[in-house]
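Using full-length UniProt numbering, read the sequence shown as starting at 1 and increasing by one per residue. First up is the structure itself, then whatever we jot down about it.
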Amino acid sequence: MATTVFTVKGMTCSGCSAKVTSAVQGVEGVSEVATDVSSGELTVVSDGPVDAAVVRSAVAEAGYEVA
């Protein structure tokens, strides 16, 4: 298991969190996603190393940006 933490810009409410979580859960290999609106943190747990570019792309598709 690998855990990677990203900072997401613009995630300010539970709706934002839900959009980001849903988008990142669709990334291949991701087994768990957690968000913290107050800090903007996105924690991704995966079976192995996850491609950061793919996570960034998923977050961008949800309308947010990884810092």
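Even glycine gets a Cβ: it sits at the ideal position worked out from N, Cα and C. In this text, all values refer to a predicted model and were calculated from it rather than measured experimentally.
Exposure of residue i, with buried meaning 16 or more beta-carbon neighbours within 10 Å
i	result
residue 35	buried
residue 5	exposed
residue 40	buried
Check whether residue i and residue j have beta carbons under 8 Å apart
i	j	result
residue 17	residue 30	no
residue 37	residue 58	no
First and last residue of the uninterrupted alpha helix (DSSP H) at residue i
i	result
residue 12	Here residue 12 belongs to no alpha helix (DSSP H), and DSSP marks it neither H nor E.
Straight-line gap, residue i to residue j (C-alpha atoms, nearest Å)
i	j	result
residue 64	residue 10	6 Å
residue 66	residue 44	13 Å
residue 56	residue 13	19 Å
residue 20	residue 54	13 Å
Close-in-space but distant-in-sequence residues of the same chain around residue i (CB under 6 Å, 5 per side omitted)
i	result
residue 49	2
Own chain residues within Cβ distance below 8 Å of residue i, not counting five before or after
i	result
residue 22	62
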